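Here is the structure we will look at, set down as structure tokens.
Protein chains: 2
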Amino acid sequence: MAQRPSIPKGTRDFGAVEMARRNYIFHTIREVYELYGFRQIETPAMENLSTLMGKYGEEGDKLLFKILNSGDFRAKTSADDYAAKSPAALASAFCEKGLRYDLTVPFARFVVQHRDELQMPFKRYQIQPVWRADRPQKGRYREFYQCDADIVGSDSLLNEVELMQIVDEVFSRFGIRVAIKINNRKILSGIAELIGAADKITDITVAIDKLDKIGLDKVNEELRAVGLTDEAIDKLQPIISLSGTNAEKLAVMRNALSASDKGMKGLDEVDFVMRHLEAAHLTNTLELDLTLARGLNYYTGCIFEVKALDVEIGSITGGGRYDNLTGIFGLPGLSGVGISFGADRIYDVLNRLDLYPPTTRQGARLLFLNFGAAEAAHCLSLAVATRRAGIATEVYPDAVKMKKQMAYANAHAVPYVALVGETEMAEQRISLKNMATGEQTSLSLDELIATVKH
Amino acid sequence: MAQRPSIPKGTRDFGAVEMARRNYIFHTIREVYELYGFRQIETPAMENLSTLMGKYGEEGDKLLFKILNSGDFRAKTSADDYAAKSPAALASAFCEKGLRYDLTVPFARFVVQHRDELQMPFKRYQIQPVWRADRPQKGRYREFYQCDADIVGSDSLLNEVELMQIVDEVFSRFGIRVAIKINNRKILSGIAELIGAADKITDITVAIDKLDKIGLDKVNEELRAVGLTDEAIDKLQPIISLSGTNAEKLAVMRNALSASDKGMKGLDEVDFVMRHLEAAHLTNTLELDLTLARGLNYYTGCIFEVKALDVEIGSITGGGRYDNLTGIFGLPGLSGVGISFGADRIYDVLNRLDLYPPTTRQGARLLFLNFGAAEAAHCLSLAVATRRAGIATEVYPDAVKMKKQMAYANAHAVPYVALVGETEMAEQRISLKNMATGEQTSLSLDELIATVKH
Numbered sequence: 000m001a002q003r004p005s006i007p008k009g010t011r012d013f014g015a016v017e018m019a020r021r022n023y024i025f026h027t028i029r030e031v032y033e034l035y036g037f038r039q040i041e042t043p044a045m046e047n048l049s050t051l052m053g054k055y056g057e058e059g060d061k062l063l064f065k066i067l068n069s070g071d072f073r074a075k076t077s078a079d080d081y082a083a084k085s086p087a088a089l090a091s092a093f094c095e096k097g098l099r100y101d102l103t104v105p106f107a108r109f110v111v112q113h114r115d116e117l118q119m120p121f122k123r124y125q126i127q128p129v130w131r132a133d134r135p136q137k138g139r140y141r142e143f144y145q146c147d148a149d150i151v152g153s154d155s156l157l158n159e160v161e162l163m164q165i166v167d168e169v170f171s172r173f174g175i176r177v178a179i180k181i182n183n184r185k186i187l188s189g190i191a192e193l194i195g196a197a198d199k200i201t202d203i204t205v206a207i208d209k210l211d212k213i214g215l216d217k218v219n220e221e222l223r224a225v226g227l228t229d230e231a232i233d234k235l236q237p238i239i240s241l242s243g244t245n246a247e248k249l250a251v252m253r254n255a256l257s258a259s260d261k262g263m264k265g266l267d268e269v270d271f272v273m274r275h276l277e278a279a280h281l282t283n284t285l286e287l288d289l290t291l292a293r294g295l296n297y298y299t300g301c302i303f304e305v306k307a308l309d310v311e312i313g314s315i316t317g318g319g320r321y322d323n324l325t326g327i328f329g330l331p332g333l334s335g336v337g338i339s340f341g342a343d344r345i346y347d348v349l350n351r352l353d354l355y356p357p358t359t360r361q362g363a364r365l366l367f368l369n370f371g372a373a374e375a376a377h378c379l380s381l382a383v384a385t386r387r388a389g390i391a392t393e394v395y396p397d398a399v400k401m402k403k404q405m406a407y408a409n410a411h412a413v414p415y416v417a418l419v420g421e422t423e424m425a426e427q428r429i430s431l432k433n434m435a436t437g438e439q440t441s442l443s444l445d446e447l448i449a450t451v452k453h
Numbered sequence: 000m001a002q003r004p005s006i007p008k009g010t011r012d013f014g015a016v017e018m019a020r021r022n023y024i025f026h027t028i029r030e031v032y033e034l035y036g037f038r039q040i041e042t043p044a045m046e047n048l049s050t051l052m053g054k055y056g057e058e059g060d061k062l063l064f065k066i067l068n069s070g071d072f073r074a075k076t077s078a079d080d081y082a083a084k085s086p087a088a089l090a091s092a093f094c095e096k097g098l099r100y101d102l103t104v105p106f107a108r109f110v111v112q113h114r115d116e117l118q119m120p121f122k123r124y125q126i127q128p129v130w131r132a133d134r135p136q137k138g139r140y141r142e143f144y145q146c147d148a149d150i151v152g153s154d155s156l157l158n159e160v161e162l163m164q165i166v167d168e169v170f171s172r173f174g175i176r177v178a179i180k181i182n183n184r185k186i187l188s189g190i191a192e193l194i195g196a197a198d199k200i201t202d203i204t205v206a207i208d209k210l211d212k213i214g215l216d217k218v219n220e221e222l223r224a225v226g227l228t229d230e231a232i233d234k235l236q237p238i239i240s241l242s243g244t245n246a247e248k249l250a251v252m253r254n255a256l257s258a259s260d261k262g263m264k265g266l267d268e269v270d271f272v273m274r275h276l277e278a279a280h281l282t283n284t285l286e287l288d289l290t291l292a293r294g295l296n297y298y299t300g301c302i303f304e305v306k307a308l309d310v311e312i313g314s315i316t317g318g319g320r321y322d323n324l325t326g327i328f329g330l331p332g333l334s335g336v337g338i339s340f341g342a343d344r345i346y347d348v349l350n351r352l353d354l355y356p357p358t359t360r361q362g363a364r365l366l367f368l369n370f371g372a373a374e375a376a377h378c379l380s381l382a383v384a385t386r387r388a389g390i391a392t393e394v395y396p397d398a399v400k401m402k403k404q405m406a407y408a409n410a411h412a413v414p415y416v417a418l419v420g421e422t423e424m425a426e427q428r429i430s431l432k433n434m435a436t437g438e439q440t441s442l443s444l445d446e447l448i449a450t451v452k453h
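In order, the protein sequences belong to chains H and W. Numbering follows numbering that gives the first Met the number 0, with no gaps: position 166 of the first sequence is 165. Numbering follows numbering that gives the first Met the number 0, with no gaps: position 427 of the second sequence is 426.
Okay, here's the thing in structure tokens:
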């Protein structure tokens, strides 16, 4: 026999049970998005490389999957050029298109391209796969889904408030206990101003972002390596190690940043979001976390991140406010704010906590066993009635051994099996077996429908 | 301003209304698939080129989108090789992966790869995009969705029966009147035997397939060009031009093909499917159509195709029985049967007949207008209650002019707009405007929920 076929490394097949679980995740998220008036859009898997290149840093450019031009892709590249050029330059000559790397850049492209048709504020959600040529490893894939929601064209902090409500609602529905962490880039800028290192804000946030992972000493080492003075690092200590309630933290910070307009504005913004969330009675806790920085440097205002409380797994959702995302495509001055649920990590958390509803294991609700040609034909017409009643129904297609048919029912966790032999046919009855209890009862079609629908 | 960004030719963005319509199509199809016990799977967008190449003919190989290997893709190709090799050979050297071209080959690959985990018969559906480097033209895209269902591991014709029920149910739900055409490759083989041209079966079916498009004379011309004798072509005439009811056609054909075991078997199969469908009381007509051949030569038994009766658009659904699809991956002897709904053409038909439910235009059901900071904060807590009641609700985020807020409500076809000013806040009332009638009433929160949910 030929070698068993396989799929590219870092990609996955999803079988029936995995797929039902993933659909449960996507469905829950989209239901909540729609409850808040977000509407779905989709963009093509392939974007022009001119749209994608330069948007994710030098490393990101390398991680883009590029698609070979069709036809004679090498027509414009001589053998001399081939020998002389770098792989990156050759790739640009051979490829015009690439697979999308995230949903944010295609969304920005979409907004600019279709701006004449869009009614602002524009609230969209998008659930689609993205592709990255990362080295595959446990929990990191080359194809994975993102579930983003963004509002552009509104500066209002009410958008931040609603996004936090969405996050809380989604994880409540999943039954996952989380901590929602919030911070604001303006607070971080204020801190940089305070210590006289406004040009080092990116370096500082990157270092602070590592506090959880590497500890305070190493963070300070990094800050020193970045060029901060000992005095500046000293000034940072109480801020990095800040503790207490959100109100206490805000009070300390208002004091510390009173000289920085920007810093105070960031604190006001966080305060506004927190106060407005009181009326929403969130299930999960919201926590001001000054060590939260998030890597992406297009964020300019509030930023947030979600951590699961009962599983060690890193951030499972994140987002923030950006003031100029569409500027890269020639439409400046459009502010937006968004969140992104990490479907793959949520999948892992739900698996580890065993929180999936039992229906994600099931195929059909009712299976008619097949005792031969005449019985099967009879069952086919019974199935017309059960399906009309909305019951997902199968008729086993082949008159094979009972054992094989029952194995099929078990493999698909079918809750009810119907047995219709000669006797049942003659009496217009159906023997119904409840697969959970093993109980078997003789029913009319109407009784069966009532029982199986329960 | 920079040039407006764009997307690759042959690809599409889907905005909110288009997306709601597409979701309506996908949702309807998947609901019916699940009603029949089919379970969803997904396969990666990228497959190894070794899986895809050679499966769609020479032309198909050219239409595969190939993905440039990451890193130094040219490491193994010298400048001399580059100059000497054909574009196709170079593409093979530079690329290991390609985008899937259809859902059938990845499905066959899936079945063979996971055969140890699968319980036969295996019933799966799959709704995913596919990519083809076709020349883009009206109605033909480089990225489009397929919606397939297949059963493998069962020879039973009950599977064909259920697939026809599914087709009928899906189009009934859409409100599209269709003709379901059925034929059988064995009947076509029988015909080829009858006229002594068994080796020309593919040529004959291709020619017969064109009857609708080019007419009888040109079909006969093609048959002659293919090398059929005048005598053979004469024998074919009554069969190509066969008419009457299905029963009449079957009777004539049983007579004509009595000498061909294969042909008679094909007629028996069609007869079985038709007889078993009587109890299902299909909404649409099922028609034995001997000119139906379908291009794909992996079909071996029943084949079917669906045409819309009220729109001129070609086949909108098709499928058939194949006896050896997994053989190409080293697992012979596994019979299967499947159908594929053409989502893009169904989208066009629904558009032309204006059959979409009105909800596909709508965003949220309720919009709270924003009259200022205090009012908006109050509306935010009212929205907590309406959302808890399951009502998709928005609070307009900015306190801008009424006119702009109402334009937003209209653009999203929001059916109810809530106005809460100082007076309403003080009185704990809400002014609710029905956007269809223009009527405005003052309600309590409970009354509003009851009205908007209706």
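From the three backbone atoms N, C-alpha and C, an ideal C-beta is built for every residue, glycine too. Just so you know, these numbers come straight off a predicted model, no measurement behind them.
One or two residues paired with residue i in a DSSP bridge
i, result
"tyrosine 415 of chain H", "H:Leu365, H:Asn433"
"phenylalanine 340 of chain H", "H:Cys146, H:Thr316"
"asparagine 47 of chain W", "W:Lys96"
"phenylalanine 121 of chain W", "W:Val151"
"lysine 180 of chain W", "W:Glu286, W:Glu304"
"phenylalanine 13 of chain H", "W:Glu41"
"isoleucine 66 of chain H", "H:Lys96, W:Ile66"
Test: residue i CB closer than 7 Å to a CB of chain H
i, result
"valine 111 of chain W", "yes"
"tyrosine 407 of chain W", "yes"
"phenylalanine 173 of chain W", "no"
"arginine 38 of chain W", "yes"
"tyrosine 522 of chain W", "Nothing can be reported for residue 522 of chain W, as the shown portion of chain W is limited to 0 through 453."
"tyrosine 81 of chain W", "yes"
"lysine 65 of chain W", "yes"
"glutamine 136 of chain W", "no"
"methionine 18 of chain W", "yes"
Residue interval of the beta strand (DSSP E) (run including residue i)
i, result
"leucine 193 of chain H", "Per DSSP, leucine 193 of chain H belongs to no beta strand (DSSP E); it is in the alpha helix (DSSP H), 184–193."
"threonine 422 of chain H", "Careful: threonine 422 of chain H lies outside any beta strand (DSSP E), inside the alpha helix (DSSP H) at 421–426."
"leucine 235 of chain W", "Counting along the chain, leucine 235 of chain W falls outside any beta strand (DSSP E), though it belongs to the alpha helix (DSSP H) covering 229–239."
"glutamine 2 of chain W", "Per DSSP, glutamine 2 of chain W belongs to no beta strand (DSSP E) and is neither H nor E."
Spatial neighbours of residue i in its chain, beta-carbon cut-off 7 Å, leaving aside the 5 residues before and after
i, result
"aspartate 309 of chain W", "Arg176, Leu352"
"glutamate 161 of chain H", "Tyr35"
"leucine 210 of chain W", "Val218, Ile239, Thr290"
"histidine 377 of chain H", "Val419, Met424"
"tyrosine 297 of chain W", "Tyr321, Leu324"
Proximal residues to residue i (C-beta, below 6 Å), its chain only, five neighbours per side dropped
i, result
"phenylalanine 121 of chain W", "Val151, Gly152"
"tyrosine 395 of chain H", "Leu368, Asn369, Gln404"
"methionine 0 of chain H", "The pLDDT assigned to methionine 0 of chain H is 45, lower than 50, so where the model puts this residue is not dependable, and the model offers no usable value."
"isoleucine 327 of chain H", "none"
"cysteine 146 of chain H", "Ile28, Ile126, Phe340, Ala342"
Beta-carbon proximity of residue i to residue j, cut-off 7 Å
i, j, result
"arginine 360 of chain W", "alanine 279 of chain W", "no"
"leucine 98 of chain W", "phenylalanine 64 of chain W", "yes"
"alanine 206 of chain W", "leucine 187 of chain W", "no"
"leucine 62 of chain H", "alanine 132 of chain H", "yes"
"proline 128 of chain W", "isoleucine 6 of chain H", "no"
Minimum Cβ-Cβ distance from residue i to chain W less than 7 Å
i, result
"proline 357 of chain H", "no"
"cysteine 94 of chain H", "yes"
"phenylalanine 328 of chain H", "yes"
"arginine 428 of chain H", "no"
"methionine 45 of chain H", "yes"
Unbroken alpha helix (DSSP H) run spanning residue i, endpoints
i, result
"valine 104 of chain H", "103–112"
Report task. Pull out every residue of the region 0–14 of chain W whose Cβ sits closer than 7 Å to any Cβ of chain C, in chain order. Result -> In summary, chain C is missing from the structure at hand, where the protein chains are H and W.
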